[in-house]
Amino acid sequence: MTTDKHSLFRVNGPTQAEIDAFHTDGFISYPNVFTDVARESLIKEIGDLDHVRAYIQQMESGDVEPRPYFVRPWNDRGPYADQLIDDPFIASLLGATIGSDYHFCHSALNIAARGAPPLGYHQDHHHWRHENPVNLAERDRYYVQILYYLNGFTLGDRNLKVIPGSHRVAPTREAAPERMLAGEFDEEAGRPLKEKRLALPPGSMVYINARIFHAVEPKPVDSPQPYRFFNIDIFKEAGPPHRYTQEIPPEWTARASQHRKKLFTRAAYSEGCWDPH
Ligand SMILES: O=C(O)CCC(=O)C(=O)O
Ligand SMILES: [Fe+2]
172 MTTDKHSLFR VNGPTQAEID AFHTDGFISY PNVFTDVARE SLIKEIGDLD
222 HVRAYIQQME SGDVEPRPYF VRPWNDRGPY ADQLIDDPFI ASLLGATIGS
272 DYHFCHSALN IAARGAPPLG YHQDHHHWRH ENPVNLAERD RYYVQILYYL
322 NGFTLGDRNL KVIPGSHRVA PTREAAPERM LAGEFDEEAG RPLKEKRLAL
372 PPGSMVYINA RIFHAVEPKP VDSPQPYRFF NIDIFKEAGP PHRYTQEIPP
422 EWTARASQHR KKLFTRAAYS EGCWDPH
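With the first letter of the sequence shown counted as 1, position 239 gets the number 410 in the working numbering; the numbers rise by one all the way through.
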């Protein structure tokens, strides 16, 4: 289950300016960062999955209501998607931004078809809004999402948007995105909090601190791009499970390198795992 490629990316690691952007803005945008071979191979690998084919066929048949396509955890990864987990560039980026003590949390695969509804502003840090001692203790630990946009997106067509700097505002009930955009938290963030809409060519990636508020615009019914592919890998600082920390398939562990075994050696989320004992 390996590719013959040393890396799927055009770059080896982040620049100092990118690391600074991660801490200051809460995200790093990497347009066209996949090599052409990796981008094309990943698109083919995903497009060839039976359930993806079935979904697209069903959408094209036109006789069903459009429905969202979302798989979590996404485990049937081919060799290219598998390599994403610890590609040298990804390992370098994680190491440079959050250090070496982190685990693989989970991944997901999403396909947005024409007419897909928007996704409102949200954060994805799952220890928030839970008051158990474990959640409070984990509140400030890094939770990083790596968003892959294999066929890209344009403004107004399922584009991602973020509020740069919003990861610096304490996660209280008052810290709602509408109030941030109204300027109420500029002082706490140390900068004016404003929406930034992104546009990214095929083969792009966005690396975010999951504390940052982010949202997705709808896909117009007449979008020139029939399907937007989106896959995501999530890493967490070592510690108790997040809400979606997945079970690692035994065959992943069986064929894992030492480095990978370390990424996979952590508890998965289970019902009641946050309850005080
Ligand atoms: O679809 C996207 O571009 C991002 C989706 C997202 O924010 C999420 O899955 O949490
Ligand atoms: Fe999200």
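We put the beta carbon where it would ideally sit given N, CA and C, even for glycine.
> Mind checking A283: buried by the 16 CB within 10 Å criterion, or exposed?
Replying inline: buried
> Opposite A279 in the DSSP bridges: which residues?
Replying inline: I403
> In whole angstroms, what is the alpha-carbon distance linking P185 and H293?
Replying inline: 26 Å
> Would you say A252 touches ligand 2, meaning its beta carbon is less than 8 Å from a heavy atom?
Replying inline: For ligand 2, not one heavy atom lies less than 8 Å from the Cβ of A252.
>> For F275 and Q417, what's the separation of their Cα atoms in angstroms?
In response: 9 Å
> So D295 and A381 are in contact, right, with Cβ under 8 Å, and what is the actual spacing, rounded?
Replying inline: 4 Å
>> L290 and V387 - do their beta-carbons sit closer together than 9 Å?
In response: Contact flag set, yes.
> Would you say P239 and Y320 are within 9 Å of each other, going by their C-beta atoms?
Replying inline: no
> So, using beta-carbon positions, are R362 and G336 closer together than 9 Å?
Replying inline: yes
> Hey, how far is the Cα of R210 from the Cα of N322?
Replying inline: 8 Å
> CA-CA distance, P342 and D393?
Replying inline: 38 Å
> Taking one C-beta from the stretch 179-193 and one from the stretch 206-222 each time, how about it: are there three or more such pairs within less than 8 Å?
Replying inline: yes
> According to DSSP, is K365 helix, strand or coil?
Replying inline: coil
> When you compare only the Cα positions, how much space is there between H413 and Q396?
Replying inline: 34 Å
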